[in-house]
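Peer 1: Have a look at this one.
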Amino acid sequence: MRVESYNTLAEAARAMGPDAVFMAGGTLVMRDVNAGTSAGRVVRSADPALTEIRATGDGFSLGSGVTMARVLAHRDLAFLAPVARAVGGPQVRNMATIGGNIFAHHPYGDFAVALLALGARVVLAGQGGAKPLDDLLRERGRSGGTSPIVASIEVPRPRDPRAFGFVKVSRIKPKGVSVMSIAVNLPRDGGRMRGARVAFGAMGPAPLRASAVERVLEGQSLDAATIARAAQLASDGLDPPTDALASAWYRREVAGTHLRRLLEKMERG
Amino acid sequence: MAMHRGRGFASINYPIGMNLGGDPSQALVHSNPDGKFTVALSSIDLGQGMKSVTRQIAAETLGIPVADVYVDTADSDTGPHCMGSFASRGTHRVGNAVIQAAQEARAVMLEAAAEELEVDASDLVTDGRGNIHVKGAPSRSITTMAACQAAQFKQGRTVSGRGIFLIPLSEVDPETGEMTPVSCFAHAAMLVEVEVDDETGEVSVLDMQSAYELGRALNPKLVEQQLIGGAWMGMSHVLWETTEPYYPDRSHGPVDFNHYLMPGPGDLAPHHISVLERPAPDGPFGGKGPGEMCANPVLPAVANAVYDAVGVRIDELPITPEKVLRGIRANGGARPKMRLARAR
Amino acid sequence: MIEFRKEFFANERDDNLNEIGKPTRRQDILGHVTGRSPYFDDHLFEGLLHIRCVRSPHHHARIRRIDISAAEKMPGVVRVLLGKDVPLNLNTLLSLLDFGLDDEPVLSETKVAYKGEPVAAIIAESEAQARAAVKMVKVEWEVLPHVLDVEDALKPGAPVVCDVYPTNRFIYHGKFDHQKLRYGDVEEAFNRADHIVEGRYQMSPIEQAPMETCGAIAAPEVNDRFVCFTSTQGLFFSLGTAAKLLTMPSSRLHFVGGTVGGGFGGKVDSMHEPLAILGAMLTGRPCKYAWDREEEMQVGAPRGAERWYIKDGITRDGRIIARKFTGYFDSGAYTRLSSYAIIKGVGHLPGPYTIPNVYADVFCVYTNRTPATAMRGFGITGVDFAIEAHMDKVAETVGMNPIDLRILNSYRDGDMKAHRRLAKNCALVECCQVVAEKGGVALSAESRSATSLTGGGGERARLPARTATDQAGAVSGFKGGNYARKGGGASGPQPVAMPVAAPAPAYANSPQRPAAPAYQPAATAPPAASPPTPPADTARHGALRFSSLSGFRRR
Amino acid sequence: MAKKPVTFMLNGSERAAFAEEGLNLLEFLRRAVGDLSPKYGCGQGTCGACTVIIDGETHLSCLTMAEAVQGRKVETASGLANGKVHPLQEAFMEHFAAQCGYCTPGMLMSAKVLLDHNPSPSRAEVIEAISGNLCRCTGYEPIIDAILATANTRRLA
């Protein structure tokens, strides 16, 4: 195993290959290093761009090396604080990065669920332009090839902070991994939901959009009947895993309940 | 959605020491020239407080302050044989061995003091503060330091003692199971209140009311440590823990603490403990051994409370949200029993 | 929130002692809070080598061939150990008590019986190098059918898990394939009971999960000895096991432990010390063998699963007149301590209640899973869950308050217990009363006035007029060994000769048979030891044997 | 195997040692530097026994690459007592907040950072602060009590 450190992200991106893994906070990669199961080369970079937080026109550009603790400490990112707080314990939050979370496999990766619901876009190192996180998550599951380095994440700010909701269902309090997590972003236009996005974590190989739920919500007002219909379709199109925390059956059974409770809480405001 | 509360009760007893005896423990006690004592053991402190409780036992028996005793364990070159720290045998077996060793050392210390004071050793008492004096005449006294110094530098005595405790082996009749399983028992009763979410099957423990009888509490804070930690483990066993979540299928066995579930500091329930002390006739100063039994009543009490709350009997541990939810579905909804309602 | 209810049993205690009863700080606490308490891994050695095991990926498989040639060439590898390198590669933990047959290899040479069973051990300069080399050991497996459920394992034609016990059952006392308890006649009592309540209970396998994983460091010491720093819960237990497996006199071993990061029963098995010492012997260098957390959870022995069936006969007024148990301990692939857990569990039946007819058949069953071992509440936690969950069903069936039911059936001083000894020093009634009072549960007048000191003895002290016994599960080909007073090995400490209370085994069919005298202990201190009686030399393998118990050997 | 020199501040003193490539900070501190107070509990980042403070924030030393502390300030439990025991250590002793003691060094690190940032934490904040540190013995109650008591004592002082 070799460890390679590069001053710039561009250099790090060039160094990547099928035998390499990029290490940011270390919470995922170092575990594999300790267990002797990591890739042959571990690539690191101290590029200051990785830890930048910038306000953009309609949101923020977050360096992929920004930690959960920094999200929590940032006043303008208050809408993401409940999500960052749901990740790990304090030590993990001081280390775990947003970029790493995008590559985390179940039962980790709750932050990525929120980013997906918010319609975040990712900028890959050494590539111009941003692409939807949806695409990256979809590609993530495919094995082989070189894993990209995420340089930064563009997160739109919810126009109304009450439009964004997040819940993580865990067996252990206050720190436990996901039975599931749910993030919803329900921008409203004259009381009607427009561009509703609903994402589930731990309900498939990667964070997934609940398209059936989104269709039910679209154009509706958030009332009891709509919430009930959404809850009914919660696990449609999802592919929950069975693991030590819960079976696929259980996840499917309670997905609607947890979605309903989250929506009801948002409705109450 | 509905949250349902229920209460469940259980009572248990617990055998102290290796079931059929035959498990000796030994102790050696000796004094430095200045009257500070070392207890040499090979017993193990796993956190239960072996070093601390045997230190108090030695000090009490020697009649000296606890600060004048140090327990050294476990080195096979210096510590005499001990069967080990398991079966709740530590306090009981090792404690008795330490008493015997300390009594022998104390007898020498008193003989040395008697020679210095020119009295009969049987007339001497210790005050527990480092002095030996004639019964009823505190002014005719000598410090334990002076007595030990005199013993070793003047009289040529070793202020030391050997101790062993053994409950002899007993046998089992193969056809009837007749046996002599241990010499004393600890007891406990537990009333647990839970809340069950009938849409998710999640169970929260809200409150624990317990009574533990564990012989004399040799150190009340060490007892408290065991009872609080033990009840937490009981709660953990009944609602969370398993190495094989789909037993007897071996798949999905946890390999880390994110998958091996134990309650976190946010899952705790207030635990109101009452300690009763009925001294064990053969325990050291009547002590038994609280370390193991404290977890046991929590398991059935929680299971019974879940039934009380929603009418679902979960007879397979752990009581996961999934099992509760399946039970509620099978019953066509929650069926609260409320059999242990608080008296008005 | 803790209170001491000193009013209970006050006349049985002298509360005016100097040090006993005081909340004295722990002797070890300063070391703990300053991070300086010396756990086994806190001893540094120059040139420390690291051991990691090659483990079975199968539940059950025959080993056709182990090829270590590639692993030996890996960077940092100093030595690869196989079963043939272990001087005595077969053990059962309780052989130190002469209980059971040697059934488990240190490193298996012929077949594996659980996923994770070790078949080879890499010794390398660093842990990372040892991990890398483990992957290079090539094992040719012949996968065998496996069995994971205890009741399936007892069916005819089930795969044989452990050749030493070909029926997948431990053999008790050389006579039966299960442990029996027979007291009175449950079937007769069921016939006259007003209610029958039956239940099935399953205790899950549970990991002890000490924060410090199990391990040991061994190093050559001066004068041809080996020092071993260990996390063991039984220093001489592990020392004796190592001496046996390495065929080495105990005087060449120096074990140091005593400061352990939690155990809860999971650090009794002595898996690490023999291999670490063997590594030190063969390389001449200090060797560390410790589990990582994954091994601790899946290869380290858990509290075994238990399955219990309980059937109660109850009269209308809530008195339990018969209780029948059938129990299956899931021992996993080897015996470790499950056989003994059952004896302890059977001695505990029927729980803290006086029931005139009790019956139990309890099986120690081998399955193709990680062997089980001790854990806090050894032999009792599982059956107590079953008994107390069952009591709740009984209470509901007879329409009684669950606490009243317990007090009504509670054992009292002087009662005869199912294992045929008189109860004393009881306190269950008082515990129930205190909890009822605290929890605001209204008890019946009878329950409120009950005590553990009264109401027992008399009729309740009598043995049953008749006990139904049987020969079901009798085995041949095994012989019961001696029980007590067998003596230790040549080099080991001898058990002190004390008055042995154990009565001759007896069929208790004769009516009015008086209870055998129970052991009468000294008040606060045991009697002075009389000189040991040297027993016949029965040493084997140069190992310590402290004493013996219910031993047997195959003829 | 390549080794890299790492120079850093440990409990206020400059230390330097070589780290094998990919070695984690826990093993580096314990074996190369000789500070045995951080404990190995899992090597997976799931137990917190290896918690140390890096530049004022708690980190899991088992998931930190040793070379990453080059030029940084590391604090461990062995440096907590500075001439006399730290108030947290005193409170842990007084409240019987340790049994086996194995989680204690990491627990103290989390507690210290909490009180450094928040001198008057609520019980919920204490629970949150120690949520990354597992304890198998105590049931957490005495640990929570000890941390709250430390805060109270400091307020009164």
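Here the protein sequences line up with chains D, Z, G and L, keeping their order. Take the first sequence: its position 158, counting from 1, is numbered 174 in the working numbering, and each next residue is one higher. Take the second sequence: its position 290, counting from 1, is numbered 1198 in the working numbering, and each next residue is one higher. Take the third sequence: its position 378, counting from 1, is numbered 989 in the working numbering, and each next residue is one higher. Take the fourth sequence: its position 5, counting from 1, is numbered 181 in the working numbering, and each next residue is one higher. By construction, the Cβ of each residue, glycine as well, lies at the ideal position given by its N, Cα and C atoms. Computed from a predicted model, the values in this text were never measured in an experiment.
Once the 5 residues before and after G:F619 are set aside, which same chain residues still bring their CB inside 6 Å of it?
Peer 2: Only E1041 meet the Cβ criterion.
Peer 1: Are any of the Cβ atoms in chain G nearer than 7 Å to that of D:G104?
Peer 2: For D:G104, the answer is no, since every Cβ of chain G falls outside 7 Å of its Cβ.
Peer 1: Looking only at its chain, what residues have a beta carbon closer than 7 Å to the beta carbon of G:D972, apart from the 5 residues adjacent to it on each side?
Peer 2: Within the same chain, G:D972 has close Cβ partners H789, K791, T937.
Peer 1: Let me check understanding here. Comparing Cα to Cα, which of D:R30, D:I169, D:A65 lies closest to D:G75?
Peer 2: Nearest option by C-alpha distance: D:I169.
Peer 1: Could I get the ranges of all uninterrupted alpha helix (DSSP H) runs contained in the stretch 1018 to 1093 of chain Z, with 4 residues as the minimum, in chain order?
Peer 2: Qualifying alpha helix (DSSP H) stretches, in chain order: 1052 to 1057.
Peer 1: On a Cα-Cα basis, can you pick out the residue from Z:M1170, Z:R1243, Z:Q964 that is closest to Z:D1105?
Peer 2: It is Z:R1243.
Peer 1: To the nearest angstrom, report how far apart D:M282 and D:E230 are at their CA atoms.
Peer 2: Their backbone Cα atoms lie some 16 Å apart in a straight line.
Peer 1: Between which residues of its own chain and Z:Q1060 is the CB-CB distance below 8 Å, once the five residues before and five after are set aside?
Peer 2: Closer than 8 Å at the Cβ level, and outside the excluded window around Z:Q1060, lie S939, P941, T1066, V1067.
Peer 1: Using a cut-off of 9 Å between C-beta atoms, extract the partners of G:A933 located in chain D.
Peer 2: Here the premise fails: no neighbours, minimum Cβ distance about 39 Å.
Peer 1: Under a CB-based cut-off of 7 Å, is D:G52 close to chain G?
Peer 2: Chain G, which has a Cβ nearer than 7 Å to the Cβ of D:G52, makes this yes.
Peer 1: Quick one: is Z:Y1154 buried, meaning 16 or more other Cβ sit within 10 Å of its Cβ, or exposed?
Peer 2: Result: exposed.
Peer 1: DSSP has G:C839 in a bridge; who is on the other side?
Peer 2: In DSSP, G:C839 forms a bridge with G:A829, G:F866.
Peer 1: Expressed to the nearest angstrom, what Euclidean distance is found between the alpha-carbon atoms of G:A743 and G:F847?
Peer 2: Cα to Cα, G:A743 sits roughly 34 Å from G:F847.
Peer 1: Would you list, in sequence order, the uninterrupted beta strand (DSSP E) runs of no fewer than 3 residues that lie entirely inside the stretch 720 to 766 of chain G?
Peer 2: 729 to 735, 749 to 754, all fully within the stretch 720 to 766 of chain G.
Peer 1: What in chain D is Cβ-close to L:A305, meaning under 8 Å?
Peer 2: Those are P106, listed as they occur along chain D.
Peer 1: Z:E1253 and Z:P1229 look like a contact to me (Cβ under 8 Å); what is the Cβ gap, rounded to whole Å?
Peer 2: Missing from the structure shown is residue 1253 of chain Z; chain Z here goes from 909 to 1252 and no further.
Peer 1: Pick helix, strand or coil for Z:F994, following the three-state DSSP scheme.
Peer 2: Z:F994: coil per DSSP, three-state reduction.
Peer 1: Can you grab the Cα-Cα spacing for the pair Z:G1085 / Z:Q1063, in whole Å?
Peer 2: Roughly 55 Å separates the two Cα atoms.
Peer 1: How would you call G:M814, buried or exposed, if buried means at least 16 neighbouring beta carbons within 10 angstroms?
Peer 2: The residue in question, G:M814, is buried, as its Cβ has 16 or more Cβ neighbours within 10 Å.
Peer 1: Do you know how far the Cα of D:G217 is from the Cα of Z:V1002?
Peer 2: Approximately 53 Å between the Cα atoms of the pair.
Peer 1: Cβ of L:C226 less than 7 Å from any chain Z Cβ?
Peer 2: By this cut-off, L:C226 is not an interface position.
Peer 1: Going by CA-CA distance only, name the one from G:F656, G:L705, G:L628, G:R636 that's closest to L:E266.
Peer 2: Cα-wise, what sits closest to L:E266 is G:R636.
Peer 1: Closer than 7 Å, Cβ to Cβ, to anything on chain L: give me those residues from the stretch 1187 to 1213 of chain Z, in chain order.
Peer 2: Under the 7 Å Cβ criterion, the stretch 1187 to 1213 of chain Z contributes no residue.
Peer 1: Could you have a look at G:M1027 and say whether DSSP puts it in helix, strand or coil?
Peer 2: If DSSP states are grouped into helix, strand and coil, G:M1027 belongs with the strands.
Peer 1: Could you say which of G:L708, G:V689, G:A672 lies nearest to G:E720 if we only look at CA atoms?
Peer 2: Ranking G:L708, G:V689, G:A672 by Cα distance to G:E720 puts G:A672 first.
Peer 1: Is it buried or exposed, Z:A1013, if we count other Cβ atoms within 10 angstroms and call 16 or more buried?
Peer 2: By the neighbour-count rule (16 or more Cβ atoms within 10 Å), Z:A1013 is buried.
Peer 1: Just grab the DSSP bridge partners of D:S54 for me.
Peer 2: For D:S54, which the question treats as bridged, DSSP gives no partner whatsoever.
Peer 1: Given Z:P1171, which residues of its chain have a CB within under 8 Å of its CB, disregarding the five upstream and five downstream residues?
Peer 2: Around Z:P1171: W1140, M1143, S1144, L1147, W1148.
Peer 1: Who are the near neighbours of G:D1172 in its chain, counting only those whose CB is closer than 6 Å to its CB and skipping five residues on each side?
Peer 2: Chain G is shown from 612 up to 1166; residue 1172 of chain G falls before or after that span and cannot be answered.
Peer 1: Does DSSP put G:P1106 in a helix, in a strand, or in coil?
Peer 2: In this prediction, G:P1106 scores a pLDDT of 32, lower than 50, which makes its location untrustworthy; no coordinate-derived value is stated.
Peer 1: Excluding five sequence neighbours on each side, which residues of the same chain lie with their C-beta closer than 7 Å to the C-beta of L:D231?
Peer 2: Counting only Cβ-Cβ distances below 7 Å, and skipping sequence neighbours, we find R248, K249.
Peer 1: For the candidate residues G:G911, G:V697, G:P885, G:E1070, whose alpha-carbon lies nearest to that of Z:V1163?
Peer 2: Of the candidates G:G911, G:V697, G:P885, G:E1070, the one whose C-alpha sits nearest the C-alpha of Z:V1163 is G:G911.
Peer 1: For G:A1115, I'd like the list of residues in its chain whose CB is within less than 7 Å of its CB, leaving aside the five on either flank, ordered along the chain.
Peer 2: Note that G:A1115 has pLDDT 35, beneath the 50 cutoff, so the model's placement of it is unreliable and the number below is only indicative. Taken in chain order, the list of residues that qualify is empty.
Peer 1: Quick one: give me the first and last residue of the beta strand (DSSP E) that Z:Q934 is part of.
Peer 2: 933 to 939 is the extent of the beta strand (DSSP E) around Z:Q934.
Peer 1: What residue ranges within the stretch 1001 to 1052 of chain G form continuous alpha helix (DSSP H) runs of no fewer than 4 residues, ordered along the chain?
Peer 2: Fully enclosed alpha helix (DSSP H) runs of 4 or longer: 1013 to 1020, 1039 to 1050.
Peer 1: With 9 Å as the limit, tell me which residues of the stretch 43 to 72 of chain D have their beta carbon closer than that to any beta carbon of chain L; keep them in chain order.
Peer 2: Against chain L - using a Cβ distance shorter than 9 Å - the residues of the stretch 43 to 72 of chain D are T43, L44, V45, M46, R47, V49, N50, A51, S54, V58, R60.
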